Amino acid sequence: MGERPTWLATAARGTEPILARELRALGAEDVREESGGVAFAGRLELALRCNLRLRTANHVLLRLASFPIAGPDELYAGASEVPWEEHLTVRSTFAVFAHGRAEGIGHTGFAALRVKDAIADRIRGRKGERPDVDPRDPAVRVVVHLASRSASLFLDTSGDSLHRRGYRVAQTEAPLRETLAAALVLWSGWDRRRPLCDPMCGSGTIAIEAALLARGRAPGLGRRFGFQRWPAFGEVEARAWRAMVQEAREEAAAGDSPVPVWASDVDRHAVEATRANAEAAGVAPLLHLAVADARRFDPPGPSGMVLANPPYGERLSPGARELASLYRALGRSLRPPGWVTILLSGHPSLPRLFGGRPTGRLPLRNGALRCELLRWETGGERRED
Ligand SMILES: C[S@@+](CC[C@H](N)C(=O)[O-])C[C@H]1O[C@@H](n2cnc3c(N)ncnc32)[C@H](O)[C@@H]1O
Numbered sequence: 000m001g002e003r004p005t006w007l008a009t010a011a012r013g014t015e016p017i018l019a020r021e022l023r024a025l026g027a028e029d030v031r032e033e034s035g036g037v038a039f040a041g042r043l044e045l046a047l048r049c050n051l052r053l054r055t056a057n058h059v060l061l062r063l064a065s066f067p068i069a070g071p072d073e074l075y076a077g078a079s080e081v082p083w084e085e086h087l088t089v090r091s092t093f094a095v096f097a098h099g100r101a102e103g104i105g106h107t108g109f110a111a112l113r114v115k116d117a118i119a120d121r122i123r124g125r126k127g128e129r130p131d132v133d134p135r136d137p138a139v140r141v142v143v144h145l146a147s148r149s150a151s152l153f154l155d156t157s158g159d160s161l162h163r164r165g166y167r168v169a170q171t172e173a174p175l176r177e178t179l180a181a182a183l184v185l186w187s188g189w190d191r192r193r194p195l196c197d198p199m200c201g202s203g204t205i206a207i208e209a210a211l212l213a214r215g216r217a218p219g220l221g222r223r224f225g226f227q228r229w230p231a232f233g234e235v236e237a238r239a240w241r242a243m244v245q246e247a248r249e250e251a252a253a254g255d256s257p258v259p260v261w262a263s264d265v266d267r268h269a270v271e272a273t274r275a276n277a278e279a280a281g282v283a284p285l286l287h288l289a290v291a292d293a294r295r296f297d298p299p300g301p302s303g304m305v306l307a308n309p310p311y312g313e314r315l316s317p318g319a320r321e322l323a324s325l326y327r328a329l330g331r332s333l334r335p336p337g338w339v340t341i342l343l344s345g346h347p348s349l350p351r352l353f354g355g356r357p358t359g360r361l362p363l364r365n366g367a368l369r370c371e372l373l374r375w376e377t378g379g380e381r382r383e384d
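Quick note on numbering: numbering that gives the first Met the number 0 labels position 175 of the sequence shown as 174, and the sequence is numbered without any gaps.
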């Protein structure tokens, strides 16, 4: 691996500035926001640290090559130039995942196939044998990004998406991705001292991410990563990794702040799911849980923060009139004086029905859904976004 490889951390569209801030704080260099990700430079050790500590990234990818293409033949030729034998042995399993769209390439499955052929042919040409493809559980994941007339090839250091922290043992309908919930908490600018409440907590993702942050617990503690199965991940890298994990464990053990995080939901099963997930995440003792109606929200203090994603009617579908009356009622209950309210909304009418003038807005994507983070401040507090 060269002196200073370049990387791409991927994230929900719209959250790139939040991820860029996280990356700078970890010491990444040449940080550059792209659509759906942030490019940066740094050594392998930084990428390992990013996997362990980034809260808003979904994958950390090692950039191997970027080149112009006019069709599948150029893609094959460009992929054949990459020294795959440095990353794969004939005994490694691998899989290729392609995203995006490029001229002359009908569908991503075909692009993945051409790159897979280029890898297999190159390694067979040099070693006499080729590694096997295992689309379900590959040791090495190759990612292809197609963009109009160019292609970029990456190795996925993360493996499973980083939003899979390992604590989601109980599901509810329409859960938020952990990485998006973390983006919401970071965007809020929560000071980790005043109460933070999610009065529509569902499976508890926002409250759990807030508690993990306040505890200083690295989100990747307790899961495995793609790079741990790479043939190139030798004893030297493994030692550095173990030291990094140990350091993160010690930080988490030292963080003993009595974090005031409240989570409630009108649905008893949702509160039970939050409890189970919080226990799996090791933050259950930090959460105050209750079954309660957000329309009668009782703020636990003179100032604090409400963070929630109310039902939008896309995946959860109360009737339109019911939803409108819920939003109006929430507009009255969730903006107590002295409090900051932040909602992730997927419904274009929510700001109007909720009332008041938002002091901050951030458009973003929740999967394929166009959403918006909205911020209201009631009672003098201001913050630059
Ligand atoms: C989009 S889901 C929240 C998902 C959650 N952020 C998660 O990660 O799982 C909306 C939640 O609002 C809850 N809800 C709907 N009306 C409510 C009300 N009046 N009071 C409290 N919770 C309510 C639903 O039960 C549901 O769990």
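We put the beta carbon where it would ideally sit given N, CA and C, even for glycine. Note that the structure is predicted; figures quoted are calculated from it, not measured.
Contact check, residue i vs residue j under 8 Å by CB: the rounded distance?
i: PRO130; j: THR156; result: With 8 Å as the limit, PRO130 and THR156 do not qualify as a contact, their Cβ atoms being about 18 Å apart.
i: VAL132; j: ALA110; result: Wrong, their Cβ atoms sit about 15 Å apart, outside the cutoff.
i: ALA8; j: TYR166; result: Incorrect: roughly 21 Å between the Cβ atoms, too far for contact.
i: PRO4; j: LEU61; result: 6 Å
i: GLY103; j: ALA69; result: 5 Å
i: LEU285; j: VAL258; result: 5 Å
i: TRP83; j: ALA46; result: So it is not a contact: roughly 19 Å between Cβ atoms.
i: ALA19; j: GLU32; result: 5 Å
i: GLN170; j: ALA272; result: 7 Å
i: ALA231; j: GLU85; result: 7 Å
i: PRO194; j: GLY312; result: Incorrect: roughly 29 Å between the Cβ atoms, too far for contact.
Inspect the beta-carbon positions of residue i and residue j and report whether they are closer than 8 Å.
i: GLY203; j: ALA262; result: yes
i: ALA64; j: GLU80; result: yes
i: ARG294; j: LEU329; result: yes
i: SER289; j: VAL265; result: Note that residue 289 is Ala in the sequence shown, not Ser. No, the pair does not count as a contact, with Cβ atoms beyond the cut-off.
i: ALA210; j: VAL260; result: yes
i: SER149; j: PRO67; result: yes
i: ARG12; j: ARG241; result: no
i: ALA323; j: LEU343; result: no
i: VAL339; j: ARG369; result: no
i: PRO71; j: ARG113; result: yes
i: PRO350; j: PRO357; result: yes
i: VAL89; j: GLU128; result: yes
i: LEU154; j: VAL168; result: no
i: ARG334; j: THR377; result: yes
i: LEU53; j: LEU175; result: no
i: LEU372; j: TRP186; result: yes
i: GLY26; j: ALA10; result: no
i: VAL184; j: LEU51; result: no
i: GLY281; j: GLU250; result: no
i: ALA138; j: ARG228; result: yes
i: ALA40; j: GLU28; result: yes
i: THR107; j: ALA97; result: yes
In the structure shown, what three-state DSSP assignment does residue i receive?
i: LEU306; result: strand
i: ARG314; result: Legend: pLDDT at ARG314 = 44, less than 50; position of this residue unreliable, no value from coordinates given.
i: GLY233; result: coil
i: GLU383; result: Bear in mind that the predicted position of GLU383 carries a pLDDT of just 37, short of 50, making it too unreliable to give a figure here.
i: ALA8; result: strand
i: LEU18; result: helix
i: PRO218; result: coil
i: LEU161; result: coil
i: GLU376; result: strand
i: PRO67; result: strand
i: PHE39; result: strand
i: ARG238; result: helix
i: ARG191; result: coil
i: PHE153; result: strand
i: GLY203; result: coil
i: LEU87; result: coil
i: GLY359; result: strand
i: ARG369; result: strand
Residue range of the alpha helix (DSSP H) that residue i falls in?
i: LEU25; result: Here LEU25 belongs to no alpha helix (DSSP H), and DSSP marks it neither H nor E.
i: PRO71; result: 71-79
i: LEU325; result: 319-332
i: GLU172; result: Run containing GLU172: none; DSSP gives neither H nor E here.
i: GLU177; result: 177-187
i: ASN50; result: 43-52
i: VAL114; result: 107-126
i: LEU353; result: Per the sequence shown, residue 353 should be read as Phe rather than Leu. Residues 349-353.
Which residues mark the beginning and the end of the beta strand (DSSP E) in which residue i is found?
i: ASN276; result: Here ASN276 belongs to no beta strand (DSSP E); instead the alpha helix (DSSP H) covers 267-280.
i: PHE390; result: No information on residue 390 is available, as it lies outside the stretch 0 to 384 that the chain covers here.
i: ALA101; result: 92-101
i: VAL339; result: 338-344
i: HIS287; result: 286-290
i: ASP264; result: 260-264
i: SER147; result: 139-147
For a cutoff of 8 Å on Cβ pairs, would you count residue i as touching chain B?
i: PHE296; result: No chain B is present in this structure, which holds just one protein chain.
Does the region 222-237 touch the region 294-306, meaning 3 or more C-beta pairs lie closer than 8 Å? The region 294-306 makes no contact with the region 222-237, as fewer than three CB pairs between them are under 8 Å.
Are the region 173-188 and the region 305-314 touching by the rule of at least three beta carbon pairs closer than 8 Å? Contact holds: three or more Cβ-Cβ distances are below 8 Å.
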